[in-house]
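Notes to accompany the following structure.
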Ligand SMILES: NC(=O)c1ccc[n+]([C@@H]2O[C@H](COP(=O)([O-])OP(=O)(O)OC[C@H]3O[C@@H](n4cnc5c(N)ncnc54)[C@H](OP(=O)(O)O)[C@@H]3O)[C@@H](O)[C@H]2O)c1
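Residue numbers (our numbering): 620 to 1004.
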């Protein structure tokens, strides 16, 4: 069993969710990946606050002591710019894989952080930074081989979408719908970053960097929020067979990458028109693949911690694979290290028979099974939902 110690920076909504998810999936991670995660240190502001599943002796408020010598991976879930930026830098410079869900940090300092990661050849995972549990970062990073992405369009902010949906469905005023979002836990006490469009703009910067390979400064995004939307405007749009959504869009126009966030009317048959309440969705258009729609819960402890855990597994060289029901034979390739004695890239061959799968891990170059290959024990197939 490989034991991996995490320096957890931040233990609030997402950090706490990660602690719970690690606990709940402990047995599965051990049996399926051969990895056991534990906490090395936990950085917080308030030592007195109760944190289930965290040994109080691991808590610290000191940023300079947040990444102890024995930490093997760093997970940044603080939010904001500092000390998040310095600590992610510190992790990468020490050669430690890092994971962050911090879109504000990436939108502002993405280029320098990815340069630092690439200089030390360590992974920097950021699936949780855009659309919580929707694996859009993985899809854009590796799923569209050979495609030229033409546009990325999304409903990226669950708070705004919840507010607009309630205003339209229940004829609520903006203030009443926002109050309902806050009461339901879908909006912060200070919701300005969300409703003024900046949260969506930061996510769009990250998505467009992935899709187009170019970091557009946040200040170059044209941003309008939803404060001035009225129930009358929504009703009028509906009479014309349209709905209003806060749409974030990135596309090339005349050779230039244009990023825009603002309320946009969509025809009822538009793929994003049906995205309601706190849901997020991203529509990607590639020249070969056509249109792809990714949709799901874009925030919250469970969905975001799921994305963080996927990065965590990949970051420490134990990527989590899932097979689709239609798979009868599949080869999944990984570019990162697999556990065991070899450091070369690995190949995982799930060999399926009815409801069972046997996983062979092989070294790509030698085509020999790795020392930790688990070729004997059949396990139930896991399905992507
Ligand atoms: N919430 C979501 O649904 C969601 C979804 C996607 C991405 N994200 C991103 O995930 C990150 C974390 O969000 P969250 O909602 O979990 O935030 P949160 O609930 O406010 O938690 C932040 C945590 O970081 C700690 N912290 C903040 N600043 C600190 C400092 N200067 N020194 C020491 N500790 C500090 C806080 O300590 P205390 O507990 O002592 O206050 C808290 O534990 C953000 O980047 C956010 O954008 C969140």
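Note that beta-carbon positions come from the ideal geometry of N, C-alpha and C, so glycine has one too.
Starting from the N-terminal side, write out each stretch of the beta strand (DSSP E) that is 3 residues or longer and does not extend beyond the segment 692–729. Within the segment 692–729, complete beta strand (DSSP E) segments of at least 3 residues are found at 692–695, 717–719, given in chain order.
Cβ of residue 748 versus every heavy atom of ligand 1: is any distance shorter than 7 Å? For ligand 1, at least one heavy atom lies less than 7 Å from the Cβ of residue 748.
If contacts are defined as beta-carbon pairs under 8 Å, then residue 882 and residue 792 qualify, I think. What distance do you get, rounded to the angstrom? Incorrect: roughly 16 Å between the Cβ atoms, too far for contact.
Taking the alpha-carbon positions, what's the residue 667 to residue 857 distance? Rounded to the nearest angstrom, the two C-alpha atoms are 50 Å apart.
With DSSP run on the structure shown, which of helix, strand or coil describes residue 766? Collapsing the DSSP output to three states places residue 766 in coil.
Kindly indicate the opening and closing residues of the beta strand (DSSP E) around residue 909. Its beta strand (DSSP E) spans residues 909–916.
Less than 8 Å separating the beta-carbons of residue 899 and residue 759? Contact: no.
Return yes when the C-beta of residue 702 is under 7 Å from any heavy atom of ligand 1, and no when it is not. Remark: the C-beta of residue 702 is in contact range of ligand 1, defined as less than 7 Å to any heavy atom.
Counted within 10 angstroms of its Cβ, other Cβ atoms place residue 906 as buried (16 or more) or exposed: Exposed, since its Cβ has fewer than 16 Cβ neighbours within 10 Å.
Within the continuous beta strand (DSSP E) that includes residue 862, where are the two ends? Unbroken beta strand (DSSP E) run through residue 862: 861–872.
Cβ-heavy atom distance between residue 930 and ligand 1 below 7 Å? False, no ligand heavy atom lies under 7 Å from that Cβ.
My parser needs the beta strand (DSSP E) runs of 3 or more residues fully inside the segment 748–819; what are they? Counting whole runs of 3 or more residues, the segment 748–819 contains the beta strand (DSSP E) stretches 768–774.
Does DSSP put residue 849 in a helix, in a strand, or in coil? Note: residue 849 maps to coil in three-state DSSP.
Could you tell me whether any non-hydrogen atom of ligand 1 is closer than 7 Å to the CB of residue 663? Answer for residue 663: yes, Cβ within range of ligand 1.
Looking at the unbroken beta strand (DSSP E) that takes in residue 657, where does it start and where does it end? Residues 654–662.
Indicate whether the contact test is met: 3 or more Cβ pairs, each with one atom in the segment 797–805 and one in the segment 747–765, closer than 8 Å. Not touching, per the Cβ criterion.
Rounded to the nearest angstrom, how far is the Cβ of residue 877 from that of residue 870, given a contact under 8 Å? Confirmed, Cβ separation roughly 6 Å.
First through last residue of the beta strand (DSSP E) which encompasses residue 921: Unbroken run through residue 921 is the alpha helix (DSSP H), 920–934; no beta strand (DSSP E).
Under DSSP, the alpha helix (DSSP H) around residue 637 begins and ends at which residues? Going by DSSP, residue 637 is part of the alpha helix (DSSP H) stretching over 632–643.
So what does residue 879 bridge to, in DSSP terms? According to DSSP, residue 879 bridges with 841, 868.
DSSP state of residue 741, grouped into three classes? Residue 741: coil per DSSP, three-state reduction.
Is the Cβ-Cβ distance between residue 935 and residue 633 less than 8 Å? No, the Cβ-Cβ distance between residue 935 and residue 633 is not below 8 Å.
Do you know how far the Cα of residue 641 is from the Cα of residue 813? Whole-angstrom Cα-Cα distance: 29 Å.
Mapping the DSSP letters down to three states, classify residue 668 as helix, strand or coil. Reduced to three states, the DSSP call for residue 668 is coil.
Cβ pair residue 931, residue 692 closer than 8 Å: Yes, these two residues count as a Cβ contact at 8 Å.
Could you give the C-beta distance for residue 901 and residue 753, rounded to a whole number, given that I count them as a contact under 8 Å? Beta-carbon to beta-carbon, residue 901 and residue 753 are separated by about 7 Å, close enough to satisfy the 8 Å threshold.
If I follow the unbroken beta strand (DSSP E) through residue 900, where does it start and stop? Start and end: 898–905.
Given residue 911 as reference, the closest of 918, 889, 706 once Cα atoms are compared: Ranking 918, 889, 706 by Cα distance to residue 911 puts 889 first.
Taking the alpha-carbon positions, what's the residue 920 to residue 713 distance? Answer to the nearest angstrom: the Cα atoms are 29 Å apart.
Starting from residue 621 and walking both ways along the beta strand (DSSP E), at which residues does that stretch end? From DSSP, the beta strand (DSSP E) with residue 621 extends over 621–628.
Exposure label - residue 764; buried when at least 16 CB within 10 Å: Note on residue 764: under 16 other CB atoms within 10 angstroms of its CB, so exposed under the neighbour-count rule.
At the level of alpha carbons, what is the spacing between residue 658 and residue 927? So the alpha carbons of these two residues sit roughly 15 Å apart.
Close beta carbons around residue 638, own chain, < 8 Å, minus the five adjacent residues each side: 627, 630, 658, 670, 671, 672, 673, listed in sequence order.
Is residue 867 near residue 794, with beta carbons less than 8 Å apart? No, the Cβ-Cβ distance between residue 867 and residue 794 is not below 8 Å.
Can you determine whether any heavy atom of ligand 1 sits closer than 7 Å to the C-beta of residue 823, and answer yes or no? Not so, every heavy atom of ligand 1 lies at least 7 Å from the Cβ.
Would a C-beta distance cut-off of 8 Å place residue 724 and residue 686 closer than the cut-off? No, they are not a contact pair.
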